[in-house]
Amino acid sequence: MTAALTPGAVWQALARVPDPEIPVVSITDMGMVRDVQVQGDRVSVTFTPTFSGCPALHVIRASIEQAVRDLGVQDVTVHSTLTPPWTTDWINEDARDRLREYGIAPPAPTGDGPLIQLVAEPTRCPRCGSLNVRMTGSFGSTLCKRLYVCDSCREPFEGFKSV
Amino acid sequence: MTTALTLTAAHTQALIRRLTALADDEILIAHRGGEWTGHAPILEEDIALANIAQDELGHAGLYLGLRAELDGSDPDRLAFFRTADEYTNTRLTELPRGDWAFTMIRQFLYDTFEALWLEAATRSTYAPLAAIAAKAVREEKFHVQHTALWAERLALGTPESERRTRAALNDLWPYAAQLFQPVDGEEALVAAGVLPDLSAVRARWTDLVTAHLSGTCGLTLPGTPADPAPRSVHTGHLAPLLAEMQSVARAHPDAELW
């Protein structure tokens, strides 16, 4: 390492770490990285896990560590924090567009509705934009998604849960 | 916001008992849910139960993580190396998976309890518990939505599905009472605002479950046992479940990567 490492450089490196389950978005797009601290040659990164049972968490943790090491840093610590809890509201606009292009309907705003809502939030088909969609499975191939079919363009698709 | 809460030794022991009880229920219901993988009535339900089981195991991990902070225990060892007489789950969660109606009614009764308990626990004076509750309750609401819908679909479906749903409710209802049994020393933690008051959770649970099962689904709720068994009392179903669940870990006790 020649020049002093800046937090900005670490953030840039982390912005290139893909979400292991949805590789079109990065972990910073998903709002999972909360804090980066650089003290001399030591870097600490704090991230917020998405779903508590997500099997990709240890991969994400290892990827964060590796991305920082690739900057030439030896002393890396990765903390996770649950406060405040991760919410899909933290997914940035650009990432929402990329999810849509990839065929995944981005999450609706969460709001603080009553706990028991038997009616799911409205979802648009990522292909044709129609609201004429049916949920065919309230759980999908990963913890963060649900399964839908669009009754306008007939395309089956996945939608991000609003958490 | 507030000054840090200091737990006495007695408080700590009671909190460990409660966290372990919560985790044990999650592990067992996740295992029973996981048994449907490859057997559920339709593919989407196979996926749904696998998702729910994964979430419940995630919650068990959160509870055991809190316990680890208190006593340095190892969550994996607690899950895979304790015997039936050391597990403190309710009997509700250890009963064999039964048919689809049994599975959905059990999950509905349990998920509703868990969602309401977690919602109350978000106001815990013990910040680490409030934090995991705020996290887990967001996931649990999807379970309740899903299983509430299944209860309705089955109860108002065919005469056969209605018969099976009624039978499941009759079998399971008395067991559900055990969810509201406090562990030793729990009252002091409720008084300190660390844990939700189980009788208050129970009142909300009864309202919600009654409105749905009796009101929406048209089912008749059976009577509740006066004195449910303590968590140390198990059925004969727990030991075989643990034997299967723990077989890989016990065969390779030194494995470091799962």
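Residue numbers (my numbering), protein chains in the order written: chain A, 28 to 190; chain B, -16 to 241.
We put the beta carbon where it would ideally sit given N, CA and C, even for glycine.
Who are the near neighbours of Y70(B) in its chain, counting only those whose CB is closer than 6 Å to its CB and skipping five residues on each side? Setting aside the 5 residues that flank it on each side, Y70(B) is surrounded in the same chain by D7, each with a C-beta closer than 6 Å to its C-beta; the list follows chain order.
Which listed residue (S179(A), D97(A), P136(A)) has its alpha carbon closest to that of K188(A): P136(A)
For P157(B) and L5(B), what's the separation of their Cα atoms in angstroms? 19 Å
If contact is defined by three or more beta carbon pairs under 8 Å, each pair taking one atom from either stretch, is the segment 43 to 50 of chain A in contact with the segment 82 to 92 of chain A? Of all C-beta pairs linking the segment 82 to 92 of chain A to the segment 43 to 50 of chain A, three or more are shorter than 8 Å, placing the two stretches in contact.
Strictly by DSSP, which residues pair up with T96(B)? The question names Thr, but residue 96(B) in the sequence shown is Phe. The partner list for F96(B) (beta bridge, DSSP) is empty, contrary to what the question assumes.
Assuming K172(A) is part of the beta strand (DSSP E), what are its boundary residues? Segment 172 to 177, the beta strand (DSSP E) holding K172(A).
Could you name the residues of the same chain whose beta carbon sits closer than 7 Å to that of T95(B), not counting the 5 residues immediately before and after it, in chain order? Apart from the 5 residues on each side of it in sequence, T95(B) sits with its Cβ closer than 7 Å to the Cβ of V127, W188, L191, V192 in its chain, given in chain order.
Could you tell me the distance, in whole angstroms, from the CA atom of R74(B) to the CA atom of V65(A)? 50 Å
Work out the CA separation of M59(A) and P76(A) for me, nearest whole Å. Cα to Cα, P76(A) sits roughly 7 Å from M59(A).
Nearest-angstrom beta carbon gap, A138(B) and L92(B) [assumed within contact, 8 Å]: So it is not a contact: roughly 14 Å between Cβ atoms.
Using a Cβ-Cβ cut-off of less than 9 Å, list which residues of the segment 153 to 181 of chain A approach chain B; keep chain order. T163, G164, S165, F166, G167, S168, T169, L170, R173, L174
Does L142(A) have its Cβ less than 8 Å from a Cβ in chain B? Because L142(A) carries a pLDDT of 49, less than 50, the predicted location of this residue cannot be relied on, and the following value inherits that uncertainty. Judged by the 8 Å Cβ criterion, L142(A) is in contact with chain B.
Does DSSP put A113(B) in a helix, in a strand, or in coil? helix
Within the continuous alpha helix (DSSP H) that includes D176(B), where are the two ends? Reading off the sequence, residue 176(B) comes out as Gly, not Asp. Where G176(B) is concerned, there is no enclosing alpha helix (DSSP H), given that its DSSP letter is neither H nor E.
What separation, rounded to the nearest whole angstrom, lies between the Cα atoms of H14(B) and A31(A)? 50 Å
Just checking: is the beta-carbon of P50(A) within a distance shorter than 8 Å of some beta-carbon in chain B? no
Do you know offhand how far M(-16)(B)'s Cα is from A110(B)'s? With a pLDDT of only 45 at M(-16)(B), under the threshold of 50, the placement of this residue in the model should not be trusted; the figure read from the coordinates follows. C-alpha separation (whole angstroms): 10 Å.
Would a check of beta-carbon distances place R61(A) closer than 8 Å to chain B? no
Are S107(B) and A116(B) touching if we call contact CB-CB under 8 Å? The Cβ-Cβ distance between S107(B) and A116(B) falls below 8 Å.
Using DSSP with H/G/I as helix, E/B as strand and the rest coil, what is E69(B)? coil
Would the beta-carbon of T105(B) fall within 8 Å of that of A113(B)? yes
Where does V192(A) fall in DSSP's three states? Missing from the structure shown is residue 192(A); chain A here goes from 28 to 190 and no further.
Of all the alpha helix (DSSP H) runs that stay within the bounds of the segment 178 to 240 of chain B, which reach a length of 4 or more residues? 181 to 193, 221 to 234
L(-2)(B) beta carbon less than 8 Å from that of F61(B): Reading off the sequence shown, one finds Leu at residue 61(B), where the question assumed Phe. It is not a contact, given that the beta carbons lie outside the stated cut-off.
Against R185(B), what residues of chain C qualify as contacts under a CB-to-CB distance less than 7 Å, listed in chain order? Here the protein chains are A and B, and chain C is not one of them.
Can you list the residues of chain A that A119(B) reaches, using a CB-CB cut of under 8 Å? Those within 8 Å of A119(B) in chain A are S79.
Taking Cβ-Cβ distances shorter than 8 Å, what residues in chain B pair up with V190(A)? R121, E122
Go ahead and pull the three-state DSSP assignment for T114(A). Per DSSP, reduced to three states, the secondary structure at T114(A) is coil, with no helix or strand assignment.
Quick one: Cα of L142(A) to Cα of V184(B), how far? Here the model assigns L142(A) a pLDDT of 49, short of 50, so the residue's position is not dependable, and the following value carries that caveat. Distance between the alpha carbons of L142(A) and V184(B): 14 Å.
Closest residue to V103(A) among G186(A), D178(A), P34(A) (Cα-Cα distance): P34(A)
Ignoring anything shorter than 4 residues or poking outside the segment 19 to 98 of chain B, list the alpha helix (DSSP H) runs there in chain order. Taking only runs of at least 4 residues, the alpha helix (DSSP H) segments lying wholly in the segment 19 to 98 of chain B are 26 to 54, 58 to 64, 74 to 77.
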